[in-house]
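Novice:
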Amino acid sequence: MAQIPNLDNAPLNFTSLREQSQKDLLNILKNFRGKKCLVLDPNLGGSLSLLVPASVLKEHGVELRHLSTEPVQTECTRIIYVIRSQPSFMKLISSNIQHDISKGLQREYSVYFVPRRAVACEKILEEENVHHLLTIADYPLFLLPLEEDVLSFELDLAYKEFQVDGDTSALWHIAKAIHKLEFSFGLIQNVRAKGRASARVADLLSRMQGEEPVNSSDIGASEINTLILLDREVDMITPMCSQLTYEGLLDEFLRVNNGYVELDASIMGVQQEGKKVKVPLNSSDKLFKEIRDLNFEVVVQVLRQKATSMKQDYTEMTTTTQTVSELKDFVKKLNSLPEITRHINLAQHLSTFTSKPSFLGQLDIEHTVVEAQSFDICFEYIEELIHKQEPILNVLRLLVLFSITNSGLPKKNYDYLRREVLHSYGFEHMATLNNLEKAGLFKKQDTKTNWPTIKRALQLIVEDTDTANPNDIAYVFSGYAPLSIRLVQHAVRSGWRPIEEILKLLPGPHLESKRGGYSNSSSINTIPGTSGNVDKVAHGQRSLVLVVFIGGVTFAEISALRFLSAQEGMAYDFIIGTTKIVNGRSLVETFID
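The opening residue of the sequence shown carries number 5 in my numbering; numbering runs sequentially from there.
#1: Distance check for I477 and R566, CA to CA, integer angstroms please.
#2: Can you grab the Cα-Cα spacing for the pair V541 / V549, in whole Å?
#3: State the DSSP-derived secondary structure class of A141, mapped to helix, strand or coil.
#4: What residue does the beta strand (DSSP E) around L148 start on, and which one ends it?
#5: Are there 16 or more other CB atoms within 10 angstroms of the CB of I381, so buried, or fewer, so exposed?
#6: Is E158 helix, strand or coil by DSSP?
#7: From what residue to what residue does the beta strand (DSSP E) around H70 run?
#8: Mind listing, in chain order, the continuous beta strand (DSSP E) runs of no fewer than 3 residues lying wholly within the stretch 229-315?
#9: Pull up the DSSP beta-bridge partners for F117, would you.
#10: If I measure Cβ to Cβ from G588 and keep anything under 6 Å in the same chain, skipping five residues before and after, which residues do I get?
#11: Return helix, strand or coil for C41, following the three-state DSSP convention.
#12: Which runs of the alpha helix (DSSP H) at least 4 residues long sit entirely within the stretch 180-231? Give them in chain order.
#13: So what does DSSP say about T582, is it helix, strand or coil?
#14: Give me the Cα-Cα distance between P361 and A495, rounded to the nearest whole angstrom.
#15: According to the Cβ coordinates, are E165 and R200 closer than 9 Å?
#16: Where does K62 fall in DSSP's three states?
#17: By the three-class DSSP mapping on this structure, what secondary structure does I477 have?
#18: Below 8 Å on the Cβ atoms is my contact criterion, and I expect L507 with L487 to pass it. Report the Cβ-Cβ distance as a whole number of Å.
#19: To which residues of the same chain is T558 closer than 7 Å at the C-beta, ignoring the five residues directly before and after it?
#20: Counting C-beta neighbours from all protein chains within 10 Å, is the total for H391 16 or more, i.e. buried, or is it exposed?
#21: Hey, could you find the ends of the beta strand (DSSP E) L515 is sitting in?
#22: Which residue wins for smallest C-alpha separation from N17, given the options I596, F117, L155?
#23: Count the other C-beta atoms from every protein chain shown that fall within 10 angstroms of the C-beta of M240, then say buried if there are 16 or more, exposed otherwise.
#24: Using alpha carbons as the reference points, say which of T19, P502, G65, Y418 lies closest to L33.
#25: Mind reading off the beta-carbon distance from L48 to I87? Whole number of angstroms is fine, and I expect it under 8 Å.
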């Protein structure tokens with residue numbers, strides 16, 4: 005099965021975007037004749053595997069390595085670093101080059117910054133006295149299509165950088181990526197934004213249009229009708245909850261990385277002791293496309309039905325005489341057997357986690373926290389986790405959920421839990437707790453919580469959710485409707501004006517604008533000529549809405565948007581843009597120093 009996702013059914017021509025990024029990379033390689041060693045930063049390696057297969061790199065004489073503290077082991081004399089503009093990587097490059105010099109190795113070095121060079125990075129290379137040995141250029145990879153409806157900016161640390169370090173460089177990157185999209189698909193007429201980072205991106209986008217305008221007469225009518233920008237800060241509750249869709253659970257327990265999971269071969273029925281296998285997960289796998297967004301309970305039933313049907317067909321084949329046409333149909337069904345086997349193996353493995361009392365207890369306490377029920381029960385549960393020395397990421401994730409839903413914790417409770425975390429996990433986590441406090445994720449209570457009001461007004465708790473035949477996005481968390489997606493739902497159905505008072509209770513400014521006229525106020529500017537809802541494209545076509553999550557999106561939220569789009573009477577298709585695919589664990593991890 006293709007490792008690179010199939011984009012043929014994408015609502016926009018994502019294939020052309022991917023081909024341009026492929027071409028840019030291959031042009032870099034063609035600049036250097038003969039064999040060369042391509043050194044990638046660790047996370048970029050996975051991203052580029054979605055653009056260019058390893059076989060194509062080999063054809064261009066490339067040896068692939070990953071940047072680390074170890075020197076680059078290769079016979080090649082041409083070293084090409086392709087890395088993101090992060091200061092820590094500059095130290096590693098300098099160390100590599102200095103090692104080569106000390107060993108008397110004669111090599112030529114090039115650095116290509118993704119998506120563009122940064123002055124701070126070049127300064128470090130100068131301080132380390134290696135800048136003069138390098139040729140430096142950019143590799144403008146701003147967007148990576150992960151799926152037919154998902155684009156990633158591949159900015160792992162965007163949320164922490166903005167919230168804790170005050171670093172806004174990722175926001176320029178996001179605005180630039182969206183503006184580049186506009187050059188391909190037309191100027192987006194309607195912009196809605198919620199949160200500090202989102203308002204900043206909307207402002208940057210407006211400035212970029214002023215400096216380098218997208219000319220509508222050249223491109224024609226925009227294919228994207230509306231842009232909705234959402235800060236992760238606006239809804240940090242959703243990622244802290246355990247996702248209950250199939251793809252969401254795969255990410256929670258096995259971590260989906262650039263469209264695949266890596267696990268022991270024995271789990272997938274391959275008897276090779278200690279060997280790991282990579283299992284691709286994208287829409288090229290028809291069965292995965294069918295089940296990825298379903299609640300996991302339902303997935304198990306679907307797989308059981310498919311296996312039973314296959315068994316019945318096989319029995320009929322062996323006990324009755326079949327026509328050639330019937331034989332052909334059976335063989336066609338057999339072609340899907342590897343997919344069924346793959347997902348039965350994965351589902352069986354997932355069940356070993358989801359059936360554990362510890363996981364079921366975690367779901368119960370998450371629901372108790374989100375429903376803002378018993379403060380004492382939640383407090384004691386977290387206290388017990390700390391005393392049992394459960395993995396610190398699990399503790400911090402629940403602590404963040406508890407703190408946000410209560411607008412912080414009373415001083416006595418806050419001081420006590422902070423002290424207990426440091427005693428149990430070590431004082432080196434002082435910096436982690438400080439980072440979380442700085443980001444407003446674990447802090448002292450300074451105001452009465454407005455979570456019950458928000459929860460009630462937006463109907464975020466849905467009783468008796470039918471996961472098999474859902475009628476609400478709440479099925480992705482078995483009863484909790486993700487706040488972020490409720491906001492998108494309101495934006496496209498009736499606009500944000502009816503919920504303006506609720507929006508004011510959430511972090512950061514909100515704005516609504518029609519491009520060219522633009523105002524950066526903290527309240528809504530009504531889009532002229534609309535009743536608040538997204539403009540419908542003429543001739544009965546469906547409108548295309550680009551929803552950008554600044555700080556990451558979960559697979560459960562993506563599933564909820566796909567579910568919304570498929571509802572009767574919904575006239576909109578969604579494309580998701582995100583800094584990274586995240587879950588509560590990976591988000592909290594970025595705050596650990």
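Note that beta-carbon positions come from the ideal geometry of N, C-alpha and C, so glycine has one too.
Specialist: Concretely, from the data shown:
#1: 10 Å
#2: Confidence at V541 is low in this model, with a pLDDT of 44, below 50, so its placement is unreliable and the value that follows should be read with caution. V541 and V549: Cα-Cα distance of roughly 11 Å.
#3: strand
#4: 148-151
#5: exposed
#6: coil
#7: 66-70
#8: 230-235, 264-268, 280-284
#9: I87, D142
#10: P243, M244, R401
#11: strand
#12: 200-215, 220-223
#13: strand
#14: 39 Å
#15: no
#16: helix
#17: helix
#18: Incorrect: roughly 11 Å between the Cβ atoms, too far for contact.
#19: T242, P243, Q247, G252, V586, N587
#20: exposed
#21: 514-518
#22: L155
#23: buried
#24: G65
#25: 7 Å
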